[in-house]
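Remarks on the structure that follows.
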């Protein structure tokens with residue numbers, strides 16, 4: 011019986027709040043040596059955390075993890091979205107709307123993780139993978155249109171993994 015394949019872990023973190031967006035990998039470049047007969051499992055993971063902090067806007071949070079091969083082809087893509095819809099029950103009363111957004115009982119927050127593993131190829135050669143993680147925070151005011159770039163902050167991190175597979 012053979013043992014479990016070796017694992018290499020690539021970890022990152024994502025944070026998005028009204029005051030800060032952050033995307034960070036522990037390592038920006040990693041080299042992995044593998045044998046054709048003994049593949050290595052590369053585990054890409056990124057934890058994410060999002061929170062409201064009492065501003066007077068509606069908030070949306072987006073988190074992305076994309077892995078590309080050396081040809082630039084996407085081999086994995088993950089996306090998480092969290093957000094608020096306008097509280098329609100408040101109608102067009104801007105004062106009640108602002109009170110609603112500042113009430114701590116209505117604040118939202120959460121966390122989670124995106125994880126993907128890939129096995130190194132069984133054919134000798136050099137392979138490259140690029141993992142990108144992205145945190146975005148969007149905000150909009152009373153009756154303001156969704157998706158305006160002026161209301162977006164984001165942070166991006168990349169980790170390049172070079173795999174050398176020998177006989």
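Residue numbers (our numbering): 11 to 177.
Glycine is no exception: its CB is placed at the ideal position from the N, C-alpha and C atoms.
Helix, strand or coil at residue i according to DSSP, with G and I counted as helix
i: residue 104; result: helix
i: residue 114; result: helix
i: residue 109; result: helix
i: residue 142; result: strand
i: residue 133; result: coil
First and last residue of the uninterrupted beta strand (DSSP E) at residue i
i: residue 164; result: 162-176
i: residue 151; result: That residue, residue 151, is in no beta strand (DSSP E); it is neither H nor E in DSSP.
i: residue 90; result: 84-93
Assumed close pair residue i, residue j - CB separation to whole angstroms, cut-off 8 Å
i: residue 2; j: residue 134; result: Because the chain is modelled from 11 through 177, residue 2 falls outside the range shown and cannot be assessed.
i: residue 165; j: residue 32; result: 5 Å
i: residue 130; j: residue 44; result: 4 Å
i: residue 23; j: residue 40; result: Their Cβ separation, rounded to whole angstroms, is 16 Å, which puts residue 23 and residue 40 out of contact at 8 Å.
Test: residue i CB closer than 9 Å to a CB of chain C
i: residue 117; result: Absent from the structure is chain C; it holds one protein chain and no more.
(Q) Threshold first: 3 residues or longer. Then list the beta strand (DSSP E) segments lying entirely within the segment 12-79, N to C. (A) 17-27, 30-35, 39-45, 51-61, 68-78
Q. Any chance the segment 126-143 sits against the segment 45-65, with 3 or more Cβ pairs inside 8 Å?
A. yes
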